Amino acid sequence: MHVEVRNLNKHFGGFHAVKDVSFDIEKGHLIGLLGPSGGGKTSILRMLAGLETPDGGDIAFHGQVVNDIPPQERGIGFVFQNYALFKHMSVYDNIAFGLQVKKNT
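Residue numbers (numbering that gives the first Met the number 0): 0 to 104.
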């Protein structure tokens, strides 16, 4: 998937969590978001997944802006840092769970 992020902004009240962030992720590449706590990394991931709406800027997948596309139609997900996993499931089952849910919708 080719991902383009252009001038992304997000505010939470008076706090400017993400300020004019732009980057591309070419198909087949991996990136890492590095920065201090409170630097906007999770906010960016949540906007990519559709769990938050940008206050400004655009997110595009394969050249199509997805800002208004609901999360379930984006095909994007991420694992939370706090390991929000099902403790009764194996690693494989935890990873497969999201794919099984998507297959059934």
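Where is the CB? At the ideal position from N, CA and C, for every residue including glycine.
Remember, it's a predicted structure, so these values are computed and weren't measured experimentally.
Asked, Found
"Outcome for P53 when other beta-carbon atoms lying within 10 angstroms are tallied against a minimum of 16", "buried"
"Status (buried if at least 16 other CB within 10 Å, exposed otherwise) for A16", "buried"
"Identity of the residue in Q99, V100, E51 and S42 nearest I68 by Cα", "E51"
"Rounded separation between F77 and V65 - CA only", "17 Å"
"Start-to-end residues for the alpha helix (DSSP H) that takes in S42", "K40 to A48"
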